[in-house]
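If you read the sequences in order, they're chains U and G.
Numbering (the working numbering) for the first sequence: 428 to 1018.
Numbering (the working numbering) for the second sequence: 428 to 1018.
Protein chains: 2
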Amino acid sequence: MASNSYRNRGILRIVFLFTVICKIGAEYNNPCCSFPCENRGVCLTQGFKEYTCDCANTGYYGDHCEIPTFWLRIKLWLKPGPYTTHYLLTNFQWMWNIINNTSFMRNFIMRSVYLVRNSVIDSPPLFTSGHEYVTWESAANLSYYARTLPPVPRDCPTPMGVKGPKTLPDVELFRKFFVRTKFKPDTINTNVLFAFFAQHFSHMFFKTDLKKGPGFQWGGHGIDVSHIYGPDVASSNKLRTFQDGKLKYQMVNGEMWPPLLKDAPVTMTYPPNVKPEDKLGLGHEFFGMLPGLVVFSAIWLREHNRVCDVMRIEHPEWTDEQLFQTTRLIIIGQTINIVIRDYVQHLSNYNLQLFFNPELLFGYPFQYQNRITVEFNHLYHWHPLMPDDLEINGTKYTAQQYVFNAEMPLKHGMKEMVDSFVKQRAGSVEPNNHPENTIHVALETIKHGRELRMQPFNNYRKRFNLPVYKTFEELTGEKVLATELEQLYGDVDAVEFYVGILLERHVNGGMLGQTVIELGGPNSVKGLMSNPICSPLYWRSSTFGGDVGFNLVKDSTLQKLFCMNMNGCPRIAFSVPLNDDGKTDSMQDEL
Amino acid sequence: MASNSYRNRGILRIVFLFTVICKIGAEYNNPCCSFPCENRGVCLTQGFKEYTCDCANTGYYGDHCEIPTFWLRIKLWLKPGPYTTHYLLTNFQWMWNIINNTSFMRNFIMRSVYLVRNSVIDSPPLFTSGHEYVTWESAANLSYYARTLPPVPRDCPTPMGVKGPKTLPDVELFRKFFVRTKFKPDTINTNVLFAFFAQHFSHMFFKTDLKKGPGFQWGGHGIDVSHIYGPDVASSNKLRTFQDGKLKYQMVNGEMWPPLLKDAPVTMTYPPNVKPEDKLGLGHEFFGMLPGLVVFSAIWLREHNRVCDVMRIEHPEWTDEQLFQTTRLIIIGQTINIVIRDYVQHLSNYNLQLFFNPELLFGYPFQYQNRITVEFNHLYHWHPLMPDDLEINGTKYTAQQYVFNAEMPLKHGMKEMVDSFVKQRAGSVEPNNHPENTIHVALETIKHGRELRMQPFNNYRKRFNLPVYKTFEELTGEKVLATELEQLYGDVDAVEFYVGILLERHVNGGMLGQTVIELGGPNSVKGLMSNPICSPLYWRSSTFGGDVGFNLVKDSTLQKLFCMNMNGCPRIAFSVPLNDDGKTDSMQDEL
Chain U
428 MASNSYRNRG ILRIVFLFTV ICKIGAEYNN PCCSFPCENR GVCLTQGFKE
478 YTCDCANTGY YGDHCEIPTF WLRIKLWLKP GPYTTHYLLT NFQWMWNIIN
528 NTSFMRNFIM RSVYLVRNSV IDSPPLFTSG HEYVTWESAA NLSYYARTLP
578 PVPRDCPTPM GVKGPKTLPD VELFRKFFVR TKFKPDTINT NVLFAFFAQH
628 FSHMFFKTDL KKGPGFQWGG HGIDVSHIYG PDVASSNKLR TFQDGKLKYQ
678 MVNGEMWPPL LKDAPVTMTY PPNVKPEDKL GLGHEFFGML PGLVVFSAIW
728 LREHNRVCDV MRIEHPEWTD EQLFQTTRLI IIGQTINIVI RDYVQHLSNY
778 NLQLFFNPEL LFGYPFQYQN RITVEFNHLY HWHPLMPDDL EINGTKYTAQ
828 QYVFNAEMPL KHGMKEMVDS FVKQRAGSVE PNNHPENTIH VALETIKHGR
878 ELRMQPFNNY RKRFNLPVYK TFEELTGEKV LATELEQLYG DVDAVEFYVG
928 ILLERHVNGG MLGQTVIELG GPNSVKGLMS NPICSPLYWR SSTFGGDVGF
978 NLVKDSTLQK LFCMNMNGCP RIAFSVPLND DGKTDSMQDE L
Chain G
428 MASNSYRNRG ILRIVFLFTV ICKIGAEYNN PCCSFPCENR GVCLTQGFKE
478 YTCDCANTGY YGDHCEIPTF WLRIKLWLKP GPYTTHYLLT NFQWMWNIIN
528 NTSFMRNFIM RSVYLVRNSV IDSPPLFTSG HEYVTWESAA NLSYYARTLP
578 PVPRDCPTPM GVKGPKTLPD VELFRKFFVR TKFKPDTINT NVLFAFFAQH
628 FSHMFFKTDL KKGPGFQWGG HGIDVSHIYG PDVASSNKLR TFQDGKLKYQ
678 MVNGEMWPPL LKDAPVTMTY PPNVKPEDKL GLGHEFFGML PGLVVFSAIW
728 LREHNRVCDV MRIEHPEWTD EQLFQTTRLI IIGQTINIVI RDYVQHLSNY
778 NLQLFFNPEL LFGYPFQYQN RITVEFNHLY HWHPLMPDDL EINGTKYTAQ
828 QYVFNAEMPL KHGMKEMVDS FVKQRAGSVE PNNHPENTIH VALETIKHGR
878 ELRMQPFNNY RKRFNLPVYK TFEELTGEKV LATELEQLYG DVDAVEFYVG
928 ILLERHVNGG MLGQTVIELG GPNSVKGLMS NPICSPLYWR SSTFGGDVGF
978 NLVKDSTLQK LFCMNMNGCP RIAFSVPLND DGKTDSMQDE L
């Protein structure tokens, strides 16, 4: 009995020891899980319990890179904060009128915008979704999206590091925050033309390779206009006529439209019910899906062929190949110019008149390379922009009627389509404004964020020099949603990236939240200005076939893009027209 | 009869007209064929007969970009010419002793070397072999080698533009200039270790994709150490043990050697007669070919595994993956450091002590991206370095005996191999010094140059701010070869690129000609310093796992690379040792 009791005690002791070891094992937490390093300092583990913050080349020092160096301190003291900057840029119209008309001031401020925005982007990129630390792959493996912040380490107490619940709330619980109850129009009168421009433009570089996983992509990491010319040389060749540099097209009612798929057999994704005579061959495999994407595909196709004609007169000695290649460079330049001048101008709501001039960056340490980040992709999911129905010249089309209805724009003609897009208001990117048929995309984006172990929303605010939100109410700007969110996360520091992006209150008088602007702005400016054509040896007239081509780049506007390529010239803009009483037509409708 | 005669006259007239048209057609010459634009100005045709030079952002103006702007004129006036610079750098040992020991002067000069060398490289690159003008492909299509100068236009009077013969001389005629008559040792006592280092190192980025053509490549355009870890992740995985970050190996006579191919089944190219037990699995498919490549593969393998051990002590908390990835970054840093400190130092023959410090470039407009050019690849063909036989510890191996004899280094052991490589002199890269079995490579390189329509040798001299050679004698530095060359080309402006590279006289006291140095130097500096690890956010200790790892990068030398990884520490250097009388052993042999 005694020996038995000893044996039992011995077994008990072993079991106890084993439990302790397992417990220690289970409780080993990477000391970097609390994200202790500030100001782009890098957290490095030192054994199982310790860490150090590497502050080198950040401008900060101290154990957690929390102390700015003397010169940086002065710079920070002089520099207005993000709220102030935004307020200055969106008010004081009289001051901006002076600045916009004084070239040296305008140049100075525009250069500052380029440089300040660029300064928060890592180039070459430091992280991908593959590792939580810098690897050779970060810079070399282009099949990854880059990451602004590395993934949360695997061995952390909670999915968000150390904050929030052990298990994140079921994604389905977020549906109620997104679902559109009543259509809420955008507050700065953004129209549907803007929504389709955003979609058409951004799908050139947001190309998630879901076969490999949400951290991978199959694009060219920038403004390569692959959405017009196809993703590779083989696709381009299928879209080309090989005469006078032009792209294939079909004429319908005297207007130029993209060719039928059978005549330009690129890879396209159509559902089986689409008839062959309604399938178009386009630069992006998904662009047959929405009439707005067909409209933009058509207008760029027309512009390409128009530029070819202009360049052929300039250069009768050129081959088809040189006409095609040079026109493509001109189209890249025009795209960047229109995005800055018209698209970002509208989006930012700035009173500063934005413009595109690569020369402002010559001589500055600026990297002419770009990498699309996974965060930029996620924050650009703006499905609430889409109204429930499209109204084309009096005819209402429901989503069921317009999705994969590539025939529709050809029937209405360019003028009716564009005119209608300009006059219809887009939705506001805010809670409870997702069209029913796109909610699954929002929920999936949250899921991807989890799979990619993205850091919390507040960490991204820190990374982009924004104050963290201390309460849920501060984040949402109201109480009901804030309370519900708090029940889900417990801690505002545990709010997930995309959830924060979608539910953050808007900046005063703006169409988006501050975090979208402060993360999206730099990624956008960097992507636009780091294009090879902006580098000093590219940015000269010979690259674009001489002064005529160079001016086609420099003078391009959204208005011209349409008006040079259609009958008549209606009002072309990214906002709905105001009536004499300062209200929009759509507003009238609502009243 | 009369009507017949009229008809005949009419036919004659038509024939005449047709002939004239054909003649005009045949004689249409692209006006840019004469390469009229100076100083990196771009020639742009304007119709069939006219051209303009685009001088924008070159610092020059005038019809042919021949006039420097005021500030540039002053800068040029102050700057010593290439001959003077080279003379200064390779003489005045007393002055360099002072500079080398005065850190601010040394830093200043080293930064100038980085910046001056970088300033002549196009980044992003402007040209590929696909087009004679800038296209989107130039920057975006990485499967091309870049081009420093675009191809000669297709529609030119001669293959070299307007100069030289209508048909270039038969390539076989050049054999007599290359064939080794008597082994001529290199003039600055370069040894075989250097030759193998050059070959091992440069094949990481010189990877011509001959299936696509001589303008294409399959590498990563820089120092990616893919010659150690394989060209892609799948190959790396085959070479990894997945334990403690280490690479696979085999132990032979107590020494670590690369694994057998059957144990690391990467893609390798061996002739059928090599026995399976003699086939090694290496980072580059051709590295089983020469014993020197096996030696360098082995020493880097040992270094990788040694660094893993060091880092594992530093970071017991790290996974195999983090150990592997961080060690790879350390190996990249060591490679760059050793190349600058030991390899380029020897090659340049400079009295300035070269060193690797990325911080010197922080804040300067320097592009952290690189593209290997086809010209860099061609000029790096230095087969004359190779002696006819290898002498390993008294045993002579003929080429037949050592080619694909991977077993040989394992049998002799590292120490015997390295000791012998250090003591054997390499050949001089000069006319009539190609080993018989590599002449076909030189001839093929000339052929590739023709297929790629490479511009004449003198055009490259202009492009790199060197005076053009006015006579053949000036080029070769002697008379016999000059006369023979003149018979082949007629005009010194028609000498082909690679022919000029191989037959140019050496700089005083140097191992190469001026053009190789002035083209290779910038390409080399750019490739080394533009590596992502040199960019401000990478170049900090955390990237390399902390100070210990960072110091492994900063303190690396060729001597350490070997001595930390073999028994004993013989003299390791890129020159043969001098005896007491200032002569080398090999010199003694010759006397």
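Every residue gets a Cβ at the ideal spot worked out from N, C-alpha and C, and that includes glycine.
Please classify residue i as buried or exposed, where buried requires at least 16 other C-beta atoms within 10 Å of its C-beta.
i, result
"threonine 555(G)", "buried"
"isoleucine 759(U)", "buried"
"glutamate 786(G)", "exposed"
"tryptophan 563(U)", "buried"
"isoleucine 451(G)", "With a pLDDT of 45 at isoleucine 451(G), under the threshold of 50, the predicted position of this residue should be treated as unreliable, and no value is reported."
"isoleucine 501(G)", "exposed"
"glutamine 644(U)", "buried"
"cysteine 996(U)", "exposed"
"lysine 673(U)", "buried"
"methionine 938(U)", "buried"
"leucine 595(U)", "buried"
"isoleucine 525(G)", "exposed"
"leucine 637(U)", "exposed"
"asparagine 776(G)", "buried"
"serine 663(G)", "buried"
"alanine 453(U)", "Note that alanine 453(U) scores 49 on pLDDT, short of 50, meaning its location in the model is unreliable and no value can be drawn from it."
Strictly below 7 Å CB to CB, what residues from chain U border residue i?
i, result
"threonine 970(G)", "Val561"
"proline 959(G)", "Pro551 and Ala566"
I think residue i touches residue j, with their Cβ atoms under 8 Å apart; what is that distance to the nearest whole Å?
i, j, result
"tyrosine 572(U)", "glycine 642(U)", "6 Å"
"phenylalanine 624(U)", "glycine 646(U)", "No, phenylalanine 624(U) and glycine 646(U) are not in contact; Cβ-Cβ is about 18 Å, not under 8 Å."
"arginine 888(G)", "threonine 575(G)", "Arginine 888(G) to threonine 575(G), Cβ: 12 Å. No contact."
"alanine 833(G)", "lysine 706(G)", "7 Å"
"asparagine 784(U)", "methionine 532(U)", "Not really, about 14 Å apart at Cβ, beyond 8 Å."
"glycine 710(G)", "glycine 657(G)", "5 Å"
Find the residues of chain U that neighbour residue i, judging by a C-beta separation of less than 9 Å, and give them in chain order.
i, result
"arginine 755(G)", "Thr562 and Trp563"
"glycine 973(G)", "Leu471, Gln473, Thr479 and Asp481"
"isoleucine 650(G)", "Neighbours of isoleucine 650(G) on chain U: none; closest Cβ ~10 Å, over 9 Å."
Using a cut-off of 7 Å between C-beta atoms, extract the partners of residue i located in chain C.
i, result
"leucine 964(U)", "Among the chains of the structure shown, chain C does not appear; the protein chains present are U and G."
What does residue i touch in chain G if you count any residue whose Cβ is under 7 Å from its own?
i, result
"glycine 640(U)", "The premise fails here: glycine 640(U) is roughly 14 Å from chain G at the closest Cβ pair, so nothing lies under 7 Å."
"glycine 647(U)", "Ala567"
Taking Cβ-Cβ distances shorter than 8 Å, what residues in chain U pair up with residue i?
i, result
"histidine 742(G)", "Thr472, Gln473 and Gly474"
So residue i contacts chain G; which residues on that side make the cut at Cβ distance below 8 Å?
i, result
"arginine 967(U)", "Val469, Asp481, Ala483 and Asn484"
"glutamine 796(U)", "Pro551, Gln794, Tyr795 and Gln796"
"histidine 558(U)", "Glu748, Gln749 and Gln752"
"glycine 710(U)", "Per Cβ cutoff of 8 Å: no residues; glycine 710(U) is ~13 Å from chain G at best."
Segment contact, 8 Å Cβ cut-off, at least three pairs: the region 576-590 of chain U with the region 460-471 of chain U: yes
Segment contact, 8 Å Cβ cut-off, at least three pairs: the region 810-823 of chain U with the region 838-849 of chain U: yes
The region 598-618 of chain U in contact with the region 858-877 of chain U per 3-pair CB rule at 8 Å: Because the criterion of three Cβ pairs below 8 Å is met, the region 598-618 of chain U and the region 858-877 of chain U touch.
Segment contact, 8 Å Cβ cut-off, at least three pairs: the region 911-921 of chain G with the region 868-881 of chain G: no
Validate contact between the region 938-945 of chain G and the region 792-799 of chain G using beta carbons, cut 8 Å, 3 pairs: no
The region 480-499 of chain U contacting the region 511-519 of chain U, beta-carbon criterion three pairs below 8 Å: no
Touching by the beta-carbon criterion (3+ pairs, under 8 Å), the region 960-977 of chain U and the region 738-746 of chain U: yes
Start-end ranges of the alpha helix (DSSP H) lying completely within the region 939-985 of chain G, minimum 4 residues: 941-956 and 974-981
Stretch-stretch touch, CB-based, cutoff 8 Å, three pairs: the region 720-735 of chain U with the region 922-929 of chain U: no
Validate contact between the region 951-962 of chain U and the region 824-843 of chain U using beta carbons, cut 8 Å, 3 pairs: no
Three or more C-beta pairs below 8 Å linking the region 804-811 of chain G and the region 980-992 of chain G: no
3 or more residues per run - each beta strand (DSSP E) lying fully within the region 842-908 of chain U: none
Given 8 Å, three or more beta-carbon pairs between the region 614-622 of chain U and the region 762-782 of chain U: Output reads yes: the region 762-782 of chain U touches the region 614-622 of chain U.
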